[in-house]
Structures are given as C-alpha cells and as structure tokens.
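Written below as structure tokens is the structure these notes are about.
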Amino acid sequence: MRRIRPVPRHSPTDVPDVPEVPGVPGVPGLGEDLPAAAGRRPRPAAAGRVLPSALALGCCAVLLLAGPAAGGGREPEGHRAESQTPEAMAEEVERLREEAAEASEQHEMLRRLGVQQERALSRMRSGLAEERERVELLRSMIGRQAASQYRTGGGSGTGELARLLLADTPEELLARAQLVGRGELSVRNLLAEAERAEAALARDEETAGALGDSLALLAGEQSRMLTSVTEKLARAEERLAELERARQRAAGGAGAGAGAGGLCAVSLRDTAGLAAPAVAAEWTAPVEAADSVLSAGYGQSGEHWADRHTGQDFAVDSGTPVLAVGSGTVVAAECGDGFGHQIVIRHDNGYFSQYAHLSVLEVAPGTRVGTGRRIGLSGDTGNSSGPHLHFEIRLTPYLGSGIDPVPWLRDHGVDLPGR
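Just so you know, we're using UniProt numbering here: the sequence shown kicks off at 1 and counts up by one.
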C-alpha cells in the first residue's frame, strides 16, 4: 500500500506564538518592538497564540482603541472658534495634535498586527491546500482498495467462506484467511485515517475563517482610526488658519498678502520622466546609504523639540540629493515654518512621506514622482541645529499623524543602516 506523507498541521496550537498587544493582557500581538500608545511604556510581552482567539483579538482591539463618539458634548465649532482667545486656540491645536499622534501610533500597531496575521493566514491556507490533497488521496486509495477486493472476491460473506472451505490444505486455508483479514484491515485503516484527516481539515478551515474575520475587524478599526486622525488634524489646521488671521488683524493687516510660505528656494526639475521609478524596488531610502548616518530617531525628546521628535533624522551634508521613498504625487512643497523647506508626497498606498529642512525644492505640488527620483537637496532651513534631512511617514499630510518610519520602511523592504 502507498504510504501517506504526513502533512504539517496548521491547527490553532501550531500557529507560531506571538506576544500580546502592549497594554492588553492575554490578547495576541506583535512583539516588544511595537510602539506603545503615546505616553505609555510597553508592557513585558507574554507568550500567546494568534488562534483560536482571532475573533476575540479583533473585538478586544476595537474595544481598546475605540474613543468617545466624535463631537460628544462639544460646543458648536463656529461658536467656539469665535469665542476662543488665541491662547486657547493654540492650546486646542496642541491637544488635537497630541490626540492624533496617539491615534496614529495605535493605527500603526494595528497595521503591523494585520501584517503578521496576514502571513499566518497565508501559511494556514497553504497547509489547508496540502490537507485537501491528502484527503482526496485517501479517498482515492480507499476506492481502489475496495474495487480490488471486489474483483478478487475479498471481504466477508458466503462467497469468501466457500473459498476458504474449498482450500486443499490447512496451510492454504490459513493463508487465505490472513489475506482476507489484511485486506479488510487495510480498508478499515484507510477509512479511519480519512475520517481523521477530514475532521482536521474542517477544524482548520473554521480556524482560518476566524482569522479572516479578525483581519476584517482590524481593517475596520484601522479605517476608523484614520478617519479620527484626519478629522482632528483638519480641525487643527483650521485653528492655525484662524490664529494667522487673528495675528494679521492685530497687526492691522500687515503681511496679509505674504502668506505663511515665506520665500522658497525653488529650482524645478523637468517633469518629463520624473514619474518613472529610478530604482527597481517599490520602496527605497530617502537618501543614499553611503551619504547618511541616522541621528535623532522617532519619539526622541530634548531641547530641540517642543514635545517629541516626530520623524527620523539623517545626518547628511547640505546639497545631498533627497529621494522619493516611493511612487506618488507631491501634495505640498513649501517653506517658512519650523520645517523650513519641506515636501510632502502622497503615496499610492495612502500613506504620506515628508522631507524637511531642505535647501532647494525641485518639485511642485501636483507633480507625479517615481520611487528613487530626486525631489530636492538637503539643507538646514527652519528650526534646525545643522545640515540634515528630517523624514516622516504620516497617515495624513499633516503634522501630528507621523509614525515611526524605520519599522515602516523595514516592513516595506527597506533596511536602513544602523537600525
């Protein structure tokens, strides 16, 4: 009889262990390298399993991260804006940005959890395909074995009993009886093995379905988080515009036509060919590895920042080419605030990248750029302690939605030297 190769099991107990979500005891998560929510330290990781707690994980994540209903108990926007002092509006901007930053980190935690569960689901689906093939093979072997016994008269019944009684010698009788027994045992064993394989397949298909449901819950919560971040930062931008108008009124209208952009050093490149990627990879680093050293990291605090550092700094000489990390469309190319000369790109996957403290802007809003295309030159404009590139990955175009760019780039195939 053909030997059946055992198929690696992908039952709940065999899914690779992953640590719990920081701050949620007993809920599977990603690991100690995940950022904790803003202002909280990550808890020590404890061993846990992705499954069969998939649905519980999604539900717990939704309950953990869901905030109060938008607008609950708030004063009407227009009335509040008119009644607020400039100081109160500035405080509101800071609060909105802090809330958006925490929501952005939670969104990133869910994204990375989703990535890991997608990989686990892919492994399970591969195992399920092997299990289905094994079940079909067992069924085929049972059919062939039964047909063989039918053709040779195998099995119990009067026909086989007659053959046994007509044996010429006791030895022949014993041999025929052993053959019949082995044939029936073979079929019974195959049937039992097929039943076990089919039961295991059904369990694993149910588990895979639960994991798929969990991923759908995570995706829904990510969408809710992104909406929350976008709304908070849009309100912050409105308050900033109101503050600027109030400043101009207080100054008697002086500078009203100058805008907030200041005088930018612009040397636009020919857009022909800019949309085509300059490298084969889908994503790349914002500067060539040989030209840079990683300096201040995401979340770092110090005298240079009002709260904490919102991106990753690359120590480079002024004039170093700055590259688009991925294909996308330029949504901002401006100067005049603490970021100095800066560019923001909206990428095809919905994320945004920011490049700040540039010396020269080489693209304009609306320009389509490919991965690895030069978009500007590094510098030390704005609130800068020396020549460097400040780089962010954001959920929105606005300050306050940044996430740690180093693990994000790593998840997209870009390993930065020294990290």
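Glycine residues also receive a C-beta, built at the ideal position from the N, C-alpha and C atoms.
*According to the neighbour-count rule (16 or more other Cβ atoms, all chains shown, within 10 Å of its Cβ), is Thr371 buried or exposed?*
As a position in the sequence shown, residue 371 is number 371, starting the count at 1. Thr371 is buried by the Cβ-count criterion.
*Based on the DSSP output, what are the partners of Val330 in its beta bridges?*
The count along the sequence shown starts at 1 and reaches residue 330 at position 330. Per DSSP, Ile345.
*Contacting residues, own chain, Cβ-Cβ under 8 angstroms from Gly114 (five flanking each side not counted)*: Within the sequence shown, residue 114 is the residue found at index 114, counting from 1. Here the set comprises Leu215, Leu218, Ala219, Gln222.
_DSSP state of Val229 mapped onto helix, strand, coil_ = Numbered from its first residue, the sequence shown carries residue 229 at position 229. Val229: helix per DSSP, three-state reduction.
*For Gly413 versus Ala285, is the C-beta spacing smaller than 8 angstroms?*
Numbered from its first residue, the sequence shown carries residue 413 at position 413. Numbered from its first residue, the sequence shown carries residue 285 at position 285. It is not a contact, given that the beta carbons lie outside the stated cut-off.
*Starting from Tyr355, follow its DSSP beta bridges and name the residues at the other end.*
Here the question's residue 355 lines up with position 355 in the sequence shown. Ile343, Phe391, per the DSSP bridge assignment.
*Could you pull out every residue in the same chain whose Cβ sits closer than 8 angstroms to the Cβ of His107, ignoring the five residues on either side in sequence?*
By one-based count along the sequence shown, residue 107 stands at place 107. Only residues of its own chain outside the window of five on either side were considered, and among them Gln222, Met225, Leu226, Val229, Leu395, Ile403 have a CB closer than 8 angstroms to the CB of His107, listed in chain order.
*With DSSP as the reference, label Gly376 as helix, strand or coil.*
On the sequence shown, position 376 is the one that residue 376 refers to. Gly376 falls in the strand class under three-state DSSP.
_Cβ contact check for the segment 283-300 and the segment 312-327: 3 or more pairs under 8 angstroms_ = As far as the Cβ criterion goes, the segment 283-300 touches the segment 312-327, which means the pair count is three or higher.
*Let me know if Pro22 comes out buried or exposed under the rule of 16 or more other beta-carbons within 10 Å of its beta-carbon.*
Here the question's residue 22 lines up with position 22 in the sequence shown. Confidence at Pro22 is low in this model, with a pLDDT of 40, below 50, so its placement is unreliable and the value that follows should be read with caution. So Pro22 ends up on the buried side.
*Three or more beta-carbon pairs under 8 angstroms between the segment 375-394 and the segment 85-102, yes or no?*
Taking a cut-off of 8 angstroms for Cβ pairs, the segment 375-394 and the segment 85-102 do not touch, as fewer than three such pairs fall below it.
_Counting C-beta neighbours from all protein chains within 10 Å, is the total for Asp313 16 or more, i.e. buried, or is it exposed?_
For the purposes of this step, residue 313 is identified with residue 313 of the sequence shown, where counting begins at 1. Asp313 sits buried, since 16 or more C-beta atoms from the chains shown fall within 10 Å of its C-beta.
*Asp204: buried (16+ other C-beta within 10 angstroms of its C-beta) or exposed?*
For this step, residue 204 is matched to residue 204 along the sequence shown. Buried, by the Cβ-count rule.
_Validate contact between the segment 236-254 and the segment 333-340 using beta carbons, cut 8 angstroms, 3 pairs_ = The segment 236-254 vs the segment 333-340: no contact.
_Outcome for Gly144 when other beta-carbon atoms lying within 10 angstroms are tallied against a minimum of 16_ = Locating residue 144 in the sequence shown gives position 144, where the first residue counts as 1. For the record, residue 144 in the displayed sequence is Arg; it is not Gly. Here Arg144 is exposed: its Cβ has fewer than 16 other Cβ atoms, across all protein chains shown, within 10 Å.
*Spatial distance of Pro417 from Pro387 (CA atoms)*: As a position in the sequence shown, residue 417 is number 417, starting the count at 1. As a position in the sequence shown, residue 387 is number 387, starting the count at 1. In a straight line, the C-alpha of Pro417 is about 19 angstroms away from that of Pro387.
_Please state the DSSP three-state secondary structure of Gln222._
In the sequence shown, residue 222 corresponds to position 222, counting from 1. Helix at Gln222.
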